[in-house]
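What follows is one structure encoded as structure tokens, with my remarks underneath.
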Amino acid sequence: MTAGSRVVVIDNGGGLLKAGFGGDKDPIAVVPNCIAKSPGSNANSKKWLAADQLQAQDVDVTGMTLRRPIDRGYLINTEVQREVWERVLRSLLQVDPTNSSLLLVEPQFNPPGLQHATDELVFEEFGFNSLCVADAPSLVHLYEASRQPSLFHTQCSLVVDCGFSFTHASPVLQNFTLNYAVRRMDLGGKALTNYLKELVSYRSLNVMDETLLIDDAKEKLCFVSLDVPRDLRLASLSFKDNPFRCSYILPDGITYKKGFVKDLDEARRYCSLPVEGELDKKDGDSGIDKDRKKPELSQNEFALTNERFLVPEMLFHPIDLGMNQAGLAECIVRAAQTCHPYIQPVLYQRYVL
Numbered sequence: 171m172t173a174g175s176r177v178v179v180i181d182n183g184g185g186l187l188k189a190g191f192g193g194d195k196d197p198i199a200v201v202p203n204c205i206a207k208s209p210g211s212n213a214n215s216k217k218w219l220a221a222d223q224l225q226a227q228d229v230d231v232t233g234m235t236l237r238r239p240i241d242r243g244y245l246i247n248t249e250v251q252r253e254v255w256e257r258v259l260r261s262l263l264q265v266d267p268t269n270s271s272l273l274l275v276e277p278q279f280n281p282p283g284l285q286h287a288t289d290e291l292v293f294e295e296f297g298f299n300s301l302c303v304a305d306a307p308s309l310v311h312l313y314e315a316s317r318q319p320s321l322f323h324t325q326c327s328l329v330v331d332c333g334f335s336f337t338h339a340s341p342v343l344q345n346f347t348l349n350y351a352v353r354r355m356d357l358g359g360k361a362l363t364n365y366l367k368e369l370v371s372y373r374s375l376n377v378m379d380e381t382l383l384i385d386d387a388k389e390k391l392c393f394v395s396l397d398v399p400r401d402l403r404l405a406s407l408s409f410k411d412n413p414f415r416c417s418y419i420l421p422d423g424i425t426y427k428k429g430f431v432k433d434l435d436e437a438r439r440y441c442s443l444p445v446e447g448e449l450d451k452k453d454g455d456s457g458i459d460k461d462r463k464k465p466e467l468s469q470n471e472f473a474l475t476n477e478r479f480l481v482p483e484m485l486f487h488p489i490d491l492g493m494n495q496a497g498l499a500e501c502i503v504r505a506a507q508t509c510h511p512y513i514q515p516v517l518y519q520r521y522v523l
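In this text, residue positions in the sequence shown follow this note's numbering: the first is 171, and each later residue adds one.
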């Protein structure tokens, strides 16, 4: 990096973009990495909302048309990416790229042609002084090593990155990713959001065009179950005995323009039920039934029960989505077994999610 220049850090994810400055503990901006247009806009209108503009409380995201610069994990639309970066750098970070250096997190195994397009965007469009490119697993390993002395001494970990388009299991040794051992699942947050859209559309309301709303519902309500058979039995109970049932309110465009969870605290309360033993009827009556009234669903809301944990469960069983691929657990084991036998025991003890 150029001496005296400010270092801008951008984690250019497929779903979210995180940006800040080198040395800061937290990113300054965590925004959608896309541009969007409302359905009422003219087809030839140039009024596209970018990045944090989609998060504004007065913006109705219902039925919005989305354009993403990243497809299947790789940057393929530099024009859209330029608009998003322009918004982030000028308005959120308020930095002059010509007086700054850039640390960019790029996807693993990025093809040379796409790397060249990224370089053109960085230097020709924005005029950064210099560019340092790194992959996410090595940076995550360095960050965790600074927080965990044991990880720092072993200099070895297995980083599991569940991203927007892919899920990677990446062994890291001495701050370098072992590319030959990386294993990838073609399943990420985008596929899970689409699956949740299909479930809600089949069982309740047609939300196939509500990507942003369903993605918000997924982030707020879905969780990984520690005991799927038990939770399925609980989710099959009637509404007052069902600890997982909750409602998501869709925007009406007048009173509120953002979707939200009805009684979010209660929804989060049952994300981690006891693992050992099943809740009996008596316990259910005293803990789950209390103050729970039968919900009256309106036309602008839908209820979720077992979808809350069955959607993330697809990470462990992709075959249920028709994908002939190994699940997350098997993917991790395959990545570790590809490495030298001497470091395999350490990898199994040093997971970073």
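Virtual Cβ for every residue (Gly too), placed ideally from N, Cα, C.
Check	Outcome
How is ALA226 classed by DSSP in three states: helix, strand or coil?	coil
Secondary structure at SER327, three-state DSSP: helix, strand or coil?	strand
Is SER327 buried or exposed, if buried means 16 or more other CB atoms sit within 10 Å of its CB?	buried
Use the C-beta contact count for THR347: other C-beta atoms within 10 angstroms, 16 or more gives buried, fewer gives exposed.	buried
Give the list of continuous alpha helix (DSSP H) stretches no shorter than 4 residues that lie fully inside the stretch 301-388.	306-317, 319-324, 359-373
Would you call the stretch 310-320 in contact with the stretch 276-293, where contact means no fewer than 3 C-beta pairs closer than 8 Å?	no
Helix, strand or coil, according to DSSP, for LEU420 in the structure here?	coil
Would you call the stretch 198-209 and the stretch 287-302 touching, i.e. three or more CB-CB distances under 8 Å?	no
Any idea which residues DSSP pairs THR235 with across the strands?	LYS207
Please name the residue, chosen from ARG176, LEU284, LEU366, PHE298, that lies closest to LEU480 on a Cα-to-Cα basis.	LEU366
Going by beta-carbon coordinates alone, are ALA221 and ARG257 separated by less than 9 Å?	yes
Among ASN182, ARG317, GLU314, ASN299, whose alpha-carbon lies nearest the alpha-carbon of ASP266?	ASN299
Within a Cβ cutoff of 8 Å, which residues of the same chain sit near ASP450, ignoring the five residues on either side of it in sequence?	In this predicted model, ASP450 has a pLDDT of only 47, less than 50, meaning its place in the structure is not dependable; the value taken from the coordinates is given anyway. The answer is none, since no qualifying residue turns up.
Please say whether ARG176 and ASN152 have beta carbons closer to each other than 9 Å?	Missing from the structure shown is residue 152; the chain here goes from 171 to 523 and no further.
Tell me where the beta strand (DSSP E) around ILE180 begins and ends.	176-182
Can you tell me where the beta strand (DSSP E) holding LEU273 begins and where it ends?	270-275
What residue from ALA405, GLU471, ASP397 has the CA that sits closest to ALA387's CA?	GLU471
So, is SER340 buried or exposed, given that buried needs 16 or more other C-beta atoms within 10 angstroms?	buried
Looking at the secondary structure, which residues open and close the beta strand (DSSP E) in which VAL431 lies?	430-432
So, using beta-carbon positions, are THR363 and LEU498 closer together than 9 Å?	no
To the nearest whole angstrom, what separates the beta carbons of LEU404 and PRO413, a pair I think is in contact under 8 Å?	6 Å
According to DSSP, PRO202 sits in a beta bridge with which residue or residues?	LEU186
Am I right that PRO482 and PHE393 are in contact with their C-beta atoms under 8 Å? What's the rounded C-beta distance?	7 Å
Taking the alpha-carbon of ASN376 as reference, which of GLY233, VAL229, LEU523, GLY184 has the nearest alpha-carbon?	GLY233
Can you give the Cα-Cα distance for ASP455 and VAL431, rounded to whole angstroms?	With a pLDDT of 44 at ASP455, under the threshold of 50, the modelled position of that residue is not reliable, and the figure given next carries that caveat. Roughly 24 Å separates the two Cα atoms.
Indicate, with yes or no, if the ligand ATP has a heavy atom lying under 8 Å from the CB of ILE384.	The ligand ATP is not among the ligands present in this structure, which contains no ligands whatsoever.
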